[in-house]
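K.L.:
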Ligand code: PMP
Ligand code: GLN
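Numbering (the working numbering), first residue to last: 67 to 449.
(1) Within a Cβ cutoff of 7 Å, which residues of the same chain sit near residue 33, ignoring the five residues on either side of it in sequence?
(2) Take residue 137 as the anchor and find which of 249, 334, 262 has the nearest alpha-carbon.
(3) Provide the residue span of the beta strand (DSSP E) that contains residue 242, from first to last.
(4) Assuming residue 130 and residue 331 form a contact by the criterion Cβ under 8 Å, report the distance between their Cβ atoms to the nearest whole angstrom.
(5) Can you name the start and end residues of the beta strand (DSSP E) that residue 266 belongs to?
(6) Taking 8 Å as the cut-off, decide whether the C-beta atoms of residue 387 and residue 369 are in contact.
(7) Please state whether DSSP places residue 414 in a helix, a strand or coil.
(8) Going by CA-CA distance only, name the one from 405, 409, 376 that's closest to residue 426.
(9) DSSP has residue 381 in a bridge; who is on the other side?
(10) Below 7 Å, is the gap between the Cβ of residue 98 and the nearest heavy atom of ligand 2?
(11) Does the Cβ of residue 367 have 16 or more other Cβ atoms within 10 Å, making it buried, or fewer, making it exposed?
(12) In three-state terms, what does DSSP make of residue 99?
(13) May I have the straight-line CA-CA distance separating residue 421 from residue 212, to the nearest angstrom?
(14) Would you mind working out which of 165, 444, 259 sits nearest residue 229, comparing C-alpha positions?
(15) In the DSSP assignment, the beta strand (DSSP E) including residue 429 goes from what residue to what residue?
(16) Straight-line CA distance for residue 250 to residue 223?
Dropping the structure here:
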């Protein structure tokens, strides 16, 4: 038997940096500040509810679009936070993580020859999804240390082929948060076009300045947007892989055509548990910013006196740091060395750069207990 030669559909892609670095951290017993996930428990009530629903028999397929109680809770949240009304039946779909929502929205919109504007550093899943759909990513670079979008550059990247713009605020990995002015600038650029927007808003509750400018907020943007958030980030359950997408009915109709064939539906007891939890504790997410601000500040204090130079962080649970006072290695080699020799794993920012740009920056995840951050700080101060 001979396995047929299979020309790769993603020839430039290897294994994700998050998998690579978490594996290396585990192999070497390093403190893992690389892949983004909390090392603390989700709320006890959420665990109690998911167990309850499994015992009570919610173990078969839920509705394709998500259980009504969860879609209702999502609609209420979107209205409360962004004054945005989404129809529970036709405009909200529960997904198997934000990754699937993003992939599904891109698959539903992008055809061969279409262009999609993305901002670099760019989250790793966007460009492969665009390319699998036959599209081409047009990359607009964000420059350190503030990584703010240059709207002149965005305007210059728009062509008659532009089908979609993907944005991510608060931004992984830079922690940049888009302002109301950014949203106005974006609205001005897409007005009178057929460009669709895809908002990766998984860190919507984790920001330390201003307010979250959701695409759902401005009616002019909402009417052309897929808005994606992830319960993984909000409720400390990244391993549950559960999220949602909200969009106007015309866009959601196309989204669901793809969704029903690439996942069909999502873990039933988890959906019911989240619906219960959101009803019982509607304010939980409002406390996240203060919760993570304390961690960010604690971790920054840990880095004081080290030779790492942290950059500003206005949102997300990631902190970028320069290491040029320590080493002139490229970032991907530096993080290997840091993991193996110094016992702390981080993510090289060049992994988010389609052109491999080297800014000598690494990303630490501070969604950790203080004991973890303190132990990492002790090791990092010794580097
Ligand atoms: N987008 C961004 C910017 C992320 O950081 C992540 C996960 N860390 C995702 C999407 C994927 O979220 P999920 O785990 O819900 O698929
Ligand atoms: N989004 C997470 C991060 O940025 C990782 C998710 C994954 O491993 N795919 O670290």
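The beta-carbon is built from N, C-alpha and C at its ideal position, and this holds for glycine as well.
P.N.:
In brief:
(1) This structure cannot settle anything about residue 33, because the visible part of the chain is limited to 67 through 449.
(2) Comparing Cα-Cα distances from residue 137 to each of 249, 334, 262, the minimum goes to 334.
(3) Segment: none, residue 242 is in no beta strand (DSSP E) and carries neither H nor E.
(4) 5 Å
(5) 262-266
(6) Remark: C-beta atoms of residue 387 and residue 369 approach each other more closely than 8 Å.
(7) strand
(8) 376
(9) 273, per the DSSP bridge assignment.
(10) no
(11) exposed
(12) In this structure, residue 99 counts as coil in the three-state DSSP scheme.
(13) 19 Å
(14) 259
(15) 427-431
(16) C-alpha of residue 250 to C-alpha of residue 223: approximately 18 Å in a straight line.
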